[in-house]
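Just below is one structure, and these are the notes that go with it.
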Amino acid sequence: MTVYVFTGPTLPPAEARSIWQANYLPPAAHGDVYRAALRQPRAIGIIDGYFEGVPSVWHKEILWALSQGIHVFGSASMGALRAAELDRFGMVGVGAIYQAYRDGTLEDDDEVAVVHGPPELGYRAATEAMVNIRATLAKAKDAGVVGDETAEALVRSGKDLFYKDRDWRYHWTHAAAAARGLASDELERLHDWLADGRVNQKRLDAEAMLGEMQRLIADGTEPKRVDYSFEHTENWQDATARYAAGLGDEGESVLHDHVLEELRLSGADYHAAVRGGLLRLLAAVEGDRQRMEVTTEQVKSAAKNFRLAFGLLSRKDIEDWLAQNHLGPLEFDRLMKEDARLKALQARTAPALNRYIIDHLRASGEYAELAARARDKKEALDALEMNEVEPDGLSAMRLTVWYFEQRLGQDLPDDVHRYAADIGFADPAAFQRAVLREYQFVLAAEQKDSQD
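Going letter by letter, the sequence shown gives residues 733 to 1184 in this note's numbering.
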């Protein structure tokens, strides 16, 4: 089970884990939901998010996550705001605050905003959220602690304050009470009552959301289905490129910069690496546009092929490789899903893809030499009337050994059929015919050279 929950001052991660053992992340900022969704979790929950100073979580990244089959929940704070705006698209809102935004009872973002401390101090809130003030005063009024007039006046005075200044202490001063025409004895009663009576509506809603997410996971709910088609606009493509560049923590991003520097200085083909990276990016975008899903079996097959290609035959081999490549199991799973999607996309687009492969060969300067050799081979085999010859079983094995050991100078692969499929042959028979044609062409060229 993989679930990510963005939380902070409303329900600090250490306290949230005592309710449910999920993966807790800091308050959500622009791009964070997209990066979490790349790991294909069952569900994402948004409790807290940034309002100012840091760009807020974008509606479109939530819509994209939903379109990828991920259940997205929101409550309490930024999550309640986004759920009220996106519930008709499939985001699940939970709690009284979400309902108030959905129904239009609340409209302003500042209702849930607070000032809070850093992660090291558990995101401790330094101010009070307006929604908590409202809920607390409603309860105090129902309990007879304050009258209607005092409760309403305190709500108005709280709302008039900038969210960074909201604090219950403001309401206890006699000067403030006198200025609002409030009886000091009611304020003193309220002050005493707050020790046990205060309502933290944001926390209540956050806990309720965790409960809903737990039920979803326990019920084994199917992936999310949406009834809209996600639009890949230019803004979205630009944004996801920026999001991807920030994947991982700050230290990891710095390390990646150094890795790229080493690539540029190593004498390796930097442009080939760029083309490979661009291919993966464009395949991801096109796969999303087509809403292409890969099966568990396809991912397992991609992982098996990958391990065989790199000789990762034992658990220790895999663990060492992950450590060397700074990947965890979730990131490796994401990589294999990308590989599986690449292969599926290649099969689906094969006819159109061939044209672009030819264009690539022209642009890279490789086409002319390959075309000349293809022409020479056809002419030679036409003269020998060998173009349509089929290899028999025994000669097929000998030809295969010749091709790998003498023509390519490498060992015979463990799985020749998989090798043939990986380099684009429709089936093993097509590969064998191509090897036979190559053998006859090389043999004819050698005979011609010996005669000359």
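Ideal Cβ positions, reconstructed from N, Cα and C, are used throughout, including at glycine.
Simplified DSSP assignment, three categories, for residue i
| i | result |
| --- | --- |
| Leu757 | strand |
| His803 | strand |
| Tyr855 | coil |
| Tyr1151 | helix |
| Phe738 | strand |
| Val931 | coil |
| Ala721 | The structure shown does not extend to residue 721, since the chain is modelled only from 733 through 1184, so no value can be given for it. |
| Gly999 | coil |
| Arg749 | helix |
| Val1121 | Note on Val1121: pLDDT 47, under 50, position unreliable in the model; no value is reported. |
| Ala848 | The identity of residue 848 in the sequence shown is His, whereas the question assumes Ala. Three-state DSSP puts His848 in a strand. |
| Thr1009 | Checking the sequence, you will find Gly at residue 1009 rather than Thr. Looking at Gly1009 - three-state DSSP - the assignment turns out to be helix. |
| Val1174 | helix |
| Val1031 | helix |
| Leu743 | coil |
| Val863 | helix |
| Gly825 | strand |
| Gly811 | helix |
| Gly763 | coil |
| Ala1041 | helix |
| Gly876 | coil |
| Gly781 | strand |
| Leu1059 | coil |
Cβ distance (whole Å) where residue i is taken to contact residue j below 8 Å
| i | j | result |
| --- | --- | --- |
| Ile776 | Val765 | 6 Å |
| Gly1019 | Leu1077 | 6 Å |
| Leu1085 | Ala1015 | About 11 Å; that fails the 8 Å criterion. |
| Ile794 | Met823 | 6 Å |
| Val1026 | Ala1055 | About 26 Å separates the two Cβ atoms, so there is no contact after all. |
| Gln933 | Val863 | 5 Å |
| Arg1039 | Ile1050 | 7 Å |
| Arg1150 | Asn1037 | 7 Å |
Closest by C-alpha distance to residue i, when choosing among the options
| i | options | result |
| --- | --- | --- |
| His848 | Lys896, Ala915, Gly836 and Leu1131 | Lys896 |
| Thr1132 | Ala1104, Ala1161 and Arg1105 | Ala1161 |
| Ile802 | Gly740, Val826 and Leu948 | Leu948 |
| Arg898 | Ala861, Glu1117 and Leu869 | Ala861 |
| Ala872 | Val846, Thr837 and Leu922 | Leu922 |
| Ala1128 | Arg1165, Ala845 and Val887 | Arg1165 |
| Tyr960 | Gln1022, Arg1094, Trp752 and Glu939 | Gln1022 |
| Glu918 | Val877, Gly952 and Pro955 | Val877 |
| Gly763 | Ile751, Gln753, Ala797 and Val735 | Ala797 |
| Ala769 | Tyr736, Ser750, Trp752 and Gln753 | Tyr736 |
| Leu1116 | Ile1090, Lys1180 and Lys1069 | Lys1180 |
| Ala885 | Pro850, Ala940, Asp874 and Leu869 | Leu869 |
| Leu942 | Pro744, Ala845, Leu853 and Arg1130 | Pro744 |
| Leu838 | Gln800, Lys891, Gln946 and Ala950 | Lys891 |
| Arg935 | Val844, Glu1111, Thr965 and Trp1053 | Val844 |
| Met1024 | Ser889, Ser799 and Pro787 | Ser799 |
| Ala1158 | Arg1007, Arg771, Glu993 and Ala1079 | Ala1079 |
| Arg1007 | Ile1089, Ser889, Gln946 and Ala1035 | Ile1089 |
| Ala1035 | Met1068, Leu1045, His1003 and Ala1005 | Met1068 |
| Asp842 | Glu784, Leu997 and Glu881 | Glu784 |
C-beta contact flag for residue i and residue j at 8 Å
| i | j | result |
| --- | --- | --- |
| Ser807 | Val826 | yes |
| Ala1152 | Phe1136 | no |
| Ala748 | Thr739 | yes |
| Pro741 | Ala857 | yes |
| Arg814 | His791 | yes |
| Tyr782 | Ala761 | yes |
| Glu944 | Phe805 | yes |
| Gln1172 | Leu1113 | yes |
| Tyr1002 | Leu1013 | no |
(message) Taking contact to mean 3 or more Cβ pairs, one atom from each stretch, closer than 8 Å, check whether the segment 959–970 and the segment 833–847 are in contact.
(response) no
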